[in-house]
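Enquirer: Before I ask anything, let me first share the structure, which is written out below as structure tokens.
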Amino acid sequence: MKLGLVVDLDTCVGCHGCATACKQWNTSGTIGPLSDENPYGRDPNGAWLNRIRTYEVDDSPNSKTVNMPLSCMHCEDAACVTVCPTGASYKREEDGIVLVDQDKCMGCNLCSWACPYGARELDPDQGTMKKCTLCVDRIYDEKLPEQERKPACVLTCPTKSRLFGDFDDPDSEVSVAVRERSGKALMPELGYNPTNKYLPPRNKAVVQTYEVDKSVIGTLKSWANRVIAR
Amino acid sequence: MHPAFSVLIFTVASGAGYGLLALLIMGHLMGMTQLQDNTVVLTAGSLSLALITGGLLTSTLHLANPKNAWRAFSRFKTSWLSREAVFAILVYPFALTYLLSSWASEELNLLTQLAGILTLILSMMTLFCTSMIYASLKTIRQWNTSLTPLNYLVLGLMSGSLLLVTVQGLVQGSAAQSLQSLALLLVVLGASVKLIYLFWIGKPAGSTINTATGFTQAKVRLLDAGHTADTFLTNEFGYEAGADKLLRLRAAMLVLAFVVPFILMTLTSTVMMLIAALLALAGLLVERWLFFAEARHVVRLFHGDQAT
């Protein structure tokens, strides 16, 4: 199995709902707490496992606003696991989820340096590294109804822009979406083979326009039309 | 990258320590007359161990959860940081054996030679592993180059050679000509390696905001970073020093670490050599600071940088 997420950049509205649901679930999950420093002060700072940034692509009038949530890509060649000196960072054989064993981490930050996606953040209070767990404590929980065995971010997304599934299964929702919408990996040139994929915005429907008749008669006609309309 | 002061002190001090230890053993075992003196060997050896130990202790200061530091020896097969930790600890028994055996008998015996050779190899391995921690990160193009280990090894040996000639000169009253020439040679080599590095990182290359976001056919601009205050990511990777400040510090680094020590080293006065060694160490602290401050992690692309 190769579990991961697909984010639809066409429909994401940048509401930060996924990040908030993630923080809410994971602060009391297996790697919790996700501490904050100065949460109600001027400069709140804390560990988040998902962050949303907004970009403008291309120049006006062809520009498009794109909201891009970024969390752990659960890379196939995860450098964060290789560099870890304590063995706290590991990638699960059975489903490819990359996790941090909170009891082993010494807080040296090296894995966060090795991650190109900014997916790892040091907990300011615990002194250990926190990262997306793909809600490993939800997706296998048989006490939950089957449709709720998904990561918190996927369940909460109001525009259904986040898909969760097995990339090894060619007929899964995620594999089909990536195939049909040409899903992309971010920074593929670094060679980490990220599992998560991003669906680019669809082409906008072409708006019907009309040819304007610029001949003398045409101008006269349109002038007459405007005068009569008044 | 945010230059953590504990890491700057650690890499400069332990680099000088391993360089000093390696050159001392090399000269001693190869039969350099001035280094057959017990006092020189023990003084230089103790100084190197003090520098290494001080550096290693300082390095633990940047750990956020040091109670798990002992686990850092467990991933020798994959992690350069783990390898560094293992080699750093392995140096001690051999270095102590070498020093004790040299202290016990003025003559070079088999134990001294064997322990010495192993200490020499392990010292260089430790220094190499330290540099590979940085050089192995594909996320930072300014570090991900074979120039990084070259820099660490050459600069470690350079500062070590300055300390060795100083210690030898202070103990015996006059500095050995050969050690002085070695120090001069290594200062020139260090300066050349550093200059090559500075030219090399000036060339634009690597990932851009386009490959980071996947929009490779149009201009991409950051509209909103999604947070109003600093985050772990901006604190760790967003370090930004002004271009003129970097330029001034580069000049200061080259003068402090290479030019002035070279001039002072050409004089015969041992006091001048001591000043040269201390200035070089200060210059190398600036060099290490720049090594971090000028390194641009690819996470910066998601925060709006166009290129690294």
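Which chain is which? The protein sequence lines are A and B, in order. Position 221 of the first sequence, counted from 1, bears residue number 256 in my numbering, the numbering being contiguous throughout. Position 188 of the second sequence, counted from 1, bears residue number 353 in my numbering, the numbering being contiguous throughout. Cβ coordinates follow ideal geometry from the N, Cα and C atoms, glycine included. Every value quoted in this text rests on a predicted model; they were computed, and no experiment measured them.
#1: Which of the three DSSP states, helix, strand or coil, is assigned to V319/B?
#2: For the alpha helix (DSSP H) holding R214/A, just list the boundary residues, first then last.
#3: With a CB to CB cut of under 8 angstroms and the five nearest residues on each side skipped, what residues in its chain are close to L318/B?
#4: For P68/A, go through chain B and note every residue whose CB falls closer than 7 angstroms to its CB, in chain order.
#5: Say whether chain E places a C-beta atom closer than 7 angstroms to the C-beta of D470/B.
#6: One question on the structure: do H227/B and V172/B come within less than 7 angstroms of each other, judged by their Cβ atoms?
#7: Going by beta carbon distance, what residues of the same chain come within less than 6 angstroms of Q345/B, once the five residues before and after it are set aside?
#8: Rounding to the nearest angstrom, what Cα-Cα distance links F199/A and E181/A in this structure?
#9: In the DSSP assignment, what residue or residues form a beta bridge with S124/A?
#10: If I'm right that A237/B touches M141/A with Cβ under 8 angstroms, what's the distance once you round it to whole angstroms?
#11: Which residue comes first and which comes last in the alpha helix (DSSP H) that contains L179/A?
#12: Can you look up A154/A in the DSSP assignment and give me helix, strand or coil?
#13: In chain order, what residues of the same chain lie with their CB nearer than 6 angstroms to the CB of G281/B, ignoring the 5 residues before and after it?
#14: On the criterion of 16 or more Cβ atoms from any shown chain inside 10 Å, does V276/A qualify as buried, or is it exposed?
#15: Residues in its own chain within less than 7 angstroms of G49/A by CB, not counting five upstream and five downstream?
#16: What residues from the region 287-311 of chain B come within 8 angstroms of chain A, judged by C-beta to C-beta, listed N to C?
#17: Between the beta-carbon of E72/A and the beta-carbon of F397/B, is there less than 7 angstroms?
#18: Going by C-alpha to C-alpha distance, which of L105/A, P79/A, E129/A and D136/A sits closest to V116/A?
#19: Given this structure, state the Cα-to-Cα distance separating A259/A from S250/A, to the nearest angstrom.
#20: Can you check which of these residues, E401/B, A416/B and A209/B, is closest to A474/B by C-alpha distance?
#21: Going by C-alpha distance, which of N144/A, T55/A, N80/A and L38/A is nearest T191/A?
#22: Let me know if R265/A comes out buried or exposed under the rule of 16 or more other beta-carbons within 10 Å of its beta-carbon.
#23: Is there a C-beta anywhere in chain B that falls below 7 angstroms from the one on W148/A?
#24: Can you have a look at W365/B and say buried or exposed, based on whether 16 or more other CB atoms are within 10 angstroms of its CB?
#25: In whole angstroms, what separates the C-alpha of C150/A from that of S372/B?
Expert: Straight from the coordinates:
#1: V319/B carries a helical assignment under DSSP once its states are collapsed to helix, strand and coil.
#2: In the DSSP assignment, R214/A falls within the unbroken alpha helix (DSSP H) covering E208 to E215.
#3: M289, L292, F293 and S296.
#4: Simply none; closest approach about 14 angstroms.
#5: In the structure shown, chain E does not exist; the protein chains are A and B.
#6: Taking 7 angstroms as the Cβ cut-off, H227/B and V172/B qualify as a contacting pair.
#7: Hits under 6 angstroms: V330.
#8: About 13 angstroms.
#9: DSSP, once it has assigned bridges, lists V135/A as partnering S124/A.
#10: Contact holds; Cβ gap of about 6 angstroms.
#11: Careful: L179/A lies outside any alpha helix (DSSP H) and carries neither H nor E.
#12: In the three-state reduction of the DSSP assignment, A154/A falls in the coil class, being assigned neither a helical nor a strand state.
#13: Answer for G281/B: I190, L194 and Y263, listed in chain order.
#14: Because chain A in this structure spans residues 36 to 265, residue 276/A falls outside the shown range and cannot be described.
#15: By the criterion of a C-beta distance shorter than 7 angstroms, G49/A is surrounded in its chain by I87, T89 and N102, once the five residues flanking it on both sides are discounted.
#16: Answer set for the region 287-311 of chain B: I298, S301, L302, K303, T304 and I305.
#17: Their beta carbons are not under 7 angstroms apart, which means E72/A does not touch F397/B by this criterion.
#18: If we check each option's Cα against that of V116/A, D136/A comes out closest.
#19: Taking the Cα positions, A259/A is about 14 angstroms away from S250/A.
#20: Outside the shown range of chain B (166 to 473) lies residue 474/B, about which nothing can therefore be said.
#21: By alpha-carbon distance to T191/A, the top candidate from N144/A, T55/A, N80/A and L38/A is T55/A.
#22: Within a 10 Å sphere around the beta-carbon of R265/A sit fewer than 16 other beta-carbons, which makes this residue exposed.
#23: Cβ-Cβ to chain B under 7 angstroms: yes for W148/A.
#24: So W365/B ends up on the exposed side.
#25: Taking the straight line joining both Cα atoms gives about 14 angstroms.
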